[in-house]
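**Q** Under my numbering, the residues of the sequence shown are numbered 652 to 1097, in order. Where a beta carbon is used, it is the ideal one built from N, C-alpha and C, also for glycine. My questions all concern the structure below.
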Amino acid sequence: MSGSPRAHPAQAGKPWTGRGFAVLHHALAAGVMASAMLGMEHFHALDWLDAVMLQVVTPRSAQPASARPANLPQLLLIDEPTYADTFDLQSPLKRDKLAQVVGDALAAKPAVLLIDLQLEPSVGEPAERPLDDLLRNAKAAGTRVVLPLPEARTPELDRQAIAWMRGLCKAQVHFGLAQVRSHFGTVVRFDADPATMARLGTGDGAANPLCEAAALTQDLPAVWQMFASPSRSMGTSAPLHPDAVRAVVQQAIPWRAQSARLQLQQLRPTVIVLGGAYDNRDSFLTSAMDRAVPGAAIHASTIASEGAVTSSHAAGWLLDLGLGTLLGFLFEALWKLVRRIRTCSDRLTLRFVLLAWLRVAAASGIWLLAIGVALGLMATMGRLVECGMWLNPGPVVLGMLLHALLLKDSTATHDPVSWREYTHHSPSWPLQAACVAAALAYLMSH
């Protein structure tokens, strides 16, 4: 019987090639993983993992910064010798001695003086307060002063602190959040919340949200609850640039009674960050240094990182998407290899022990190789930290491996299929597409 041969059902409806089906299959799965990573990053769920991975794969060193940021603040530190000699190892620091330190900083006439020290007066302190006079007169001299929000302690101290804060707010002194976002003592990113001290130090000085809140309430814990809530910083963060950390720390000036004022007047910095380097509880690890740095250095590095080139959410999502797609092909090929080894082992006449070991090696080989791939990628990504980028590939590697194992039968071969057949064999594609669409909407709105 003559006539054309009967068409294969897969050829109806403009079938895709096997490779086109594979690309769509793996790209959708990778898109879901990248979108999940984006969501977890928004809620800071991966900060602890980033901190651990950076401690493992990032080569910390004390090498000089490769580039000096243009807006580098000058760090002025009360170090351990000054803490012992000038302040007699007493905490909180004596305010009359602090007046001398703050006076040296103001003498350099910076545009911004950020003080990462608790300066509120204690109960029963005399009404004559030289330190408060310096702070009140700073704005008239052309310097914006940014102080940390006083800590909430006892009701009596809280009432005194909020009254002191409101008095300085009337003199246009700014107050901000001094908390550093760290995990396991390591700082990876900084909050971009406008109420943080670093952001108040870089802005135009028009916004003063904590002072506005203090003007409406006499309750210091209420101000803390309003502004120090973790939900305020959701999704508003950026990487801390290693060059900024190194430059800030290497050019820090330890305060000395005779020399600090002269050094600052010679440098004439636009921004001065004053803090303490005598308390180990206020020190943090970063990806840039082989030793811990004080919290004041983190604030100064945050200001310097504002103008540095850092990774965006879109760049991270696209990199995760591309990496996940490539890993999908890799794990698919590995699973095919495992299936072939198992098939060959069934045909071999080997001793039972050797046969068992061969099958175990085939089954565990894909896991071991996945771990090796993850470690290799993380070591490579660790180098990107020097460019102000950090992308943790670990969750993407694990997710694509589980995807390959869960769908090992359907991903064994990719024959030409039509769209109808693809949607029939992949019923979860609408959910996957919705996850990717949600991620794209988030990227366009941020």
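With a cut-off of 8 Å on the beta carbons, I'd call residue 757 and residue 764 a contact; round off their distance for me.
**A** 6 Å
**Q** Quick one: is residue 957 buried, meaning 16 or more other Cβ sit within 10 Å of its Cβ, or exposed?
**A** Around the Cβ of residue 957, a 10 Å sphere holds 16 or more other Cβ atoms; the residue is buried.
**Q** Determine the extent of the beta strand (DSSP E) in which residue 831 is found, giving its start and end residues.
**A** It is not in any beta strand (DSSP E) - residue 831 carries neither H nor E in the DSSP assignment.
**Q** Evaluate the contact criterion for the region 911-931 versus the region 724-731: three or more CB pairs, one atom per stretch, below 8 Å.
**A** yes
**Q** Return yes when the Cβ of residue 1019 is within less than 7 Å of the Cβ of residue 1044, no when it is not.
**A** no
**Q** Which of the three DSSP states, helix, strand or coil, is assigned to residue 938?
**A** It is coil, neither helix nor strand.
**Q** Which residue marks the beginning of the alpha helix (DSSP H) containing residue 795, and which one marks its end?
**A** Per DSSP, residue 795 belongs to no alpha helix (DSSP H); it is in the beta strand (DSSP E), 795-799.
**Q** Can you tell me whether residue 975 is buried or exposed? The criterion is at least 16 other CB atoms within 10 Å of its CB, across all chains shown.
**A** buried
**Q** Classify residue 853 as buried or exposed, calling it buried when 16 or more other Cβ atoms lie within 10 Å of its own Cβ.
**A** buried
**Q** By the three-class DSSP mapping on this structure, what secondary structure does residue 896 have?
**A** helix
**Q** Between which residues of its own chain and residue 656 is the CB-CB distance below 8 Å, once the five residues before and five after are set aside?
**A** For residue 656, the predicted structure reports a pLDDT of 45, less than 50, and the residue's modelled location is therefore unreliable. A value from the coordinates is still provided. Closer than 8 Å at the Cβ level, and outside the excluded window around residue 656, lies no residue.
**Q** Tell me whether residue 889 sits in a helix, a strand or coil according to DSSP, three-state version.
**A** strand
**Q** May I ask you to report which of helix, strand or coil DSSP gives residue 1044?
**A** coil
**Q** Using the beta-carbon count (16 or more within 10 Å), is residue 1064 buried or exposed?
**A** Note that residue 1064 has pLDDT 47, beneath the 50 cutoff, so the model's placement of it is unreliable and the number below is only indicative. Classification of residue 1064: exposed, given that the 10 Å Cβ count is below 16.
**Q** Could you pull the start and end residues of the alpha helix (DSSP H) that residue 838 belongs to?
**A** Counting along the chain, residue 838 falls outside any alpha helix (DSSP H), and DSSP gives it neither H nor E.
**Q** Compute the distance between the beta-carbons of residue 797 and residue 848, then report whether it is under 7 Å.
**A** Yes; because the gap between Cβ atoms is below 7 Å, this pair is in contact.
**Q** Between the region 729-741 and the region 927-943, do three or more beta carbon pairs fall short of 8 Å?
**A** yes
**Q** Please check the pair residue 682 and residue 972, which I expect to be a contact at CB under 8 Å, by giving their CB distance rounded to whole angstroms.
**A** 6 Å
**Q** Return the chain-ordered list of same chain residues with a C-beta closer than 8 Å to the C-beta of residue 772, the five sequence neighbours on each side being excluded.
**A** 746, 780, 783, 811, 815
**Q** What is the DSSP secondary structure of residue 844, counted as helix, strand or coil?
**A** coil
**Q** Of the choices 986, 980, 1022, 1053, whose alpha-carbon is the least far from that of residue 678?
**A** Among 986, 980, 1022, 1053, the Cα nearest to that of residue 678 belongs to 980.
**Q** Name the DSSP bridge partner or partners of residue 923?
**A** 725, 764
**Q** Check the C-beta distance from residue 1051 over to residue 680 and give it rounded, since I have them as a contact under 8 Å.
**A** 7 Å
**Q** Run through DSSP, which three-state label would residue 874 get?
**A** Residue 874: helix per DSSP, three-state reduction.
**Q** Does residue 788 pass the burial test, meaning 16 or more other C-beta atoms within 10 Å, or should it be called exposed?
**A** exposed
**Q** Whose C-alpha, out of 804, 770, 761, is nearest the C-alpha of residue 791?
**A** When each option's Cα is compared against that of residue 791, the closest is 761.
**Q** Following the continuous alpha helix (DSSP H) through residue 742, name the residue where it begins and the one where it ends.
**A** Boundaries cannot be given for residue 742, as no alpha helix (DSSP H) includes it and DSSP labels it neither H nor E.
**Q** Looking at the unbroken alpha helix (DSSP H) that takes in residue 911, where does it start and where does it end?
**A** Run containing residue 911: 911-918, per the alpha helix (DSSP H) assignment.
**Q** Measuring alpha carbon to alpha carbon, tell me which of 978, 875, 867 ends up nearest residue 800.
**A** 875
**Q** Tell me which residue opens and which closes the alpha helix (DSSP H) that residue 785 is part of.
**A** Counting along the chain, the alpha helix (DSSP H) containing residue 785 begins and ends at 781-789.
**Q** Am I right that residue 759 and residue 915 are in contact with their C-beta atoms under 8 Å? What's the rounded C-beta distance?
**A** 4 Å
**Q** Going by the DSSP bridge assignment, what does residue 904 pair with across the sheet?
**A** 727
**Q** Determine the closest residue to residue 857 out of 768, 824, 939, 894, with distance taken between C-alpha atoms.
**A** 824
**Q** To the nearest angstrom, report how far apart residue 877 and residue 828 are at their CA atoms.
**A** 11 Å
**Q** Assuming residue 899 contacts residue 937 (C-beta within less than 8 Å), just tell me the rounded distance between them.
**A** With a Cβ gap of about 10 Å, residue 899 and residue 937 do not count as contacting.
**Q** Report yes if the C-beta distance between residue 943 and residue 934 is below 7 Å; otherwise report no.
**A** yes
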